[in-house]
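Numbering of the sequence shown is given in my numbering, commencing with residue -7 and proceeding in unit increments.
The structure under discussion appears below in the form of structure tokens.
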Amino acid sequence: MTGGIARMAASISADLVTRLPRQNKKQREGLALLAATMLDVRSANLMDLSASLPREAVRIDMRYQWISRLLGNEHIDVDEVMAPFAREVLARAAAGGQSILLIIDQTKANETQQAVVVAARVGGRSLPISWRVKETEGAIGFPEQKAALEAALKLLPAGVMDRLILVMTLALYWAVSTGMWAAEHAALPAKKKAPDAAPKKVARSVTSFFKRGLRHIQACVQRLWPLPTLWAVWKTDGW
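This is the structure we're talking about:
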């Protein structure tokens, strides 16, 4: 089995040489060996990896330390290593003008860390293309989400970005418009304050309409009601 891991590692290392010719040799060989071991044991548990890692060190704790040092190496740029693989996957997914579905989600990495992951939906599976990890007990903040999404957007094939922005804009406008429609048709309070055109007030209003619109859309989905359309919103509001 050790020989099988070594052969897989050699193949992965050769692929990395082609995709990342300037990568440090020790980093490349370490990543290839650990990836091959992970494929063999089918686990990301460090103790499982240490037990099967084909290294000269006899003691498992020494192999565990080697894995920890590799994973803690700040000179390994995760986005740089993933870029050529992710671009190939996204290019294949976009072949023939097909749409690329990006999914952003938060998951528990371990007992103390959370990860926000951006994945592409390919062949019925979600393939991670960028991520950020943070030590926190709750939700990861917006800066980490923004960084992961920006890294993913840089990998999209030419021409996909414009369509993605279009889809995001339509989704945002649909939610805001639905929120405005829902607010207009909700029960009005006894006294209505005059609108305030201050920039901060306007920003809060847009955010409020967006959240209200999402709640309304989710309620329609859950209760099997007809979904609001942009045309219906425009027509009702007289736009």
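We put the beta carbon where it would ideally sit given N, CA and C, even for glycine.
A quick note: this is a predicted structure, and the numbers were derived from the prediction, not measured.
Straight-line gap, Ala78 to Leu147 (C-alpha atoms, nearest Å): Start at 1 with the first residue of the sequence shown, and residue 78 comes out as number 86. Start at 1 with the first residue of the sequence shown, and residue 147 comes out as number 155. Straight-line Cα distance between these residues: approximately 7 Å.
Rounded to whole angstroms, what's the CA-CA distance from Cys212 to Lys100? Just pull it up for me. Your numbering for residue 212 matches position 220 in the sequence shown. Your numbering for residue 100 matches position 108 in the sequence shown. Rounded to whole angstroms, Cys212 to Lys100 spans 30 Å at the Cα level.
How do the stretch 119 to 134 and the stretch 96 to 110 stand: do at least 3 beta-carbon pairs fall below 8 Å, yes or no? Yes: the two stretches touch, three or more of their Cβ pairs being nearer than 8 Å.
Leaving out five residues on either side along the sequence, give the residues of the same chain with a beta carbon under 6 Å from the beta carbon of Gln19. Translated into the one-based positions of the sequence shown, residue 19 becomes position 27. Counting only Cβ-Cβ distances below 6 Å, and skipping sequence neighbours, we find Ile68.
Do you know how far the Cα of Gly133 is from the Cα of Leu31? Counted from its first residue, the sequence shown places residue 31 at position 39. Counted from its first residue, the sequence shown places residue 133 at position 141. Rounded to the nearest angstrom, the two C-alpha atoms are 32 Å apart.
Integer-rounded CB distance, given that Val109 should sit under 8 Å from Ala85: Here residue 85 is taken as the residue at index 93 of the sequence shown, counted from 1. Here residue 109 is taken as the residue at index 117 of the sequence shown, counted from 1. Actually they are not in contact, since the Cβ atoms of Ala85 and Val109 sit about 17 Å apart, beyond 8 Å.
Residues that Val109 bridges to, as DSSP identifies them: Here residue 109 corresponds to residue number 117 of the sequence shown, with the count starting at 1. Asp97, Trp123.
Is it buried or exposed, Ile95, if we count other Cβ atoms within 10 angstroms and call 16 or more buried? As a working mapping, residue 95 is identified with position 103 in the sequence shown. Looking at its Cβ environment, which holds fewer than 16 other Cβ atoms inside 10 Å, Ile95 is exposed.
Look at Arg215 and Gly171 and say whether their C-beta atoms are less than 7 Å apart. Along the sequence shown, one-based indexing puts residue 215 at 223. Along the sequence shown, one-based indexing puts residue 171 at 179. Their beta carbons are not under 7 Å apart, which means Arg215 does not touch Gly171 by this criterion.
CB contact flag (Leu119, Val73, <7 Å): On the sequence shown, position 127 is the one that residue 119 refers to. On the sequence shown, position 81 is the one that residue 73 refers to. It is not a contact, given that the beta carbons lie outside the stated cut-off.
Test item: CB-CB of Arg124 and Glu142 under 7 Å: Locating residue 124 in the sequence shown gives position 132, counting from the first residue. Locating residue 142 in the sequence shown gives position 150, counting from the first residue. In this structure, Glu142 does not lie closer than 7 Å to Arg124 by Cβ.
Euclidean distance between Cα positions of Leu8 and Ala163: The residue labelled residue 8 in the question sits at position 16 within the sequence shown. The residue labelled residue 163 in the question sits at position 171 within the sequence shown. The alpha-carbon atoms of Leu8 and Ala163 are separated by roughly 38 Å.
Just to confirm the assignment, what range does the alpha helix (DSSP H) spanning Asp53 have? Counting from one through the sequence shown, the residue named residue 53 turns up at place 61. Start and end: 52 to 63.
Paired residues, beta bridge with Arg117 - DSSP: Along the sequence shown, one-based indexing puts residue 117 at 125. Beta-bridge annotation (DSSP): Arg117 is paired with Val114.
With C-beta atoms as the reference, is Ile4 less than 7 Å away from Ala28? Position 12 of the sequence shown, counted from the start, is the residue given in the question as residue 4. Position 36 of the sequence shown, counted from the start, is the residue given in the question as residue 28. Yes. Within cutoff.
Measuring straight from C-alpha to C-alpha, what distance separates Leu41 and Arg34? By one-based count along the sequence shown, residue 41 stands at place 49. By one-based count along the sequence shown, residue 34 stands at place 42. Taking the straight line joining both Cα atoms gives about 9 Å.
DSSP state of Ala131 mapped onto helix, strand, coil: Numbered from 1 along the sequence shown, position 139 holds the residue referred to as residue 131. In the three-state DSSP reduction, Ala131 falls in the coil class, being neither helix nor strand.
Host alpha helix (DSSP H) of Ala85 (start-end): Taking the first residue of the sequence shown as 1, we reach residue 85 at position 93. For Ala85, the enclosing alpha helix (DSSP H) starts and ends at 70 to 85.
Gln15 by DSSP, collapsed to three states: which one? As a position in the sequence shown, residue 15 is number 23, starting the count at 1. Of the three classes helix, strand and coil, the one that applies to Gln15 here is coil, per DSSP.
Sub-7 Å separation of Ala49 and Leu25 beta-carbons: As a working note, residue 49 is residue 57 in the sequence shown. As a working note, residue 25 is residue 33 in the sequence shown. Taking 7 Å as the Cβ cut-off, Ala49 and Leu25 do not qualify as a contacting pair.
In whole angstroms, what separates the C-alpha of Asn37 from that of Ala75? Against the sequence shown, residue 37 aligns to sequence position 45. Against the sequence shown, residue 75 aligns to sequence position 83. CA-to-CA, the gap between Asn37 and Ala75 works out to about 25 Å.
Assigned exposure category for Arg55 - 16 Cβ within 10 Å defines buried: Start at 1 with the first residue of the sequence shown, and residue 55 comes out as number 63. A residue is called buried once 16 or more other Cβ atoms fall within 10 Å of its Cβ, and Arg55 is buried on that count.
Could you give the distance in angstroms between the alpha-carbon of Leu45 and the alpha-carbon of His208? Here residue 45 refers to the residue found at position 53 when the sequence shown is read from its first residue. Here residue 208 refers to the residue found at position 216 when the sequence shown is read from its first residue. When rounded, the distance between both Cα atoms is 52 Å.
Cβ-Cβ separation, Phe202 to Ala175 (assumed contact under 8 Å), whole Å: Mapped onto the sequence shown, residue 175 falls at position 183. Mapped onto the sequence shown, residue 202 falls at position 210. Rounded, the Cβ-Cβ distance is 11 Å, inconsistent with contact.
Quick one, are the C-beta atoms of Pro149 and Ala43 less than 7 Å apart? Here residue 149 corresponds to residue number 157 of the sequence shown, with the count starting at 1. Here residue 43 corresponds to residue number 51 of the sequence shown, with the count starting at 1. For Pro149 and Ala43, no; Cβs fall outside 7 Å.
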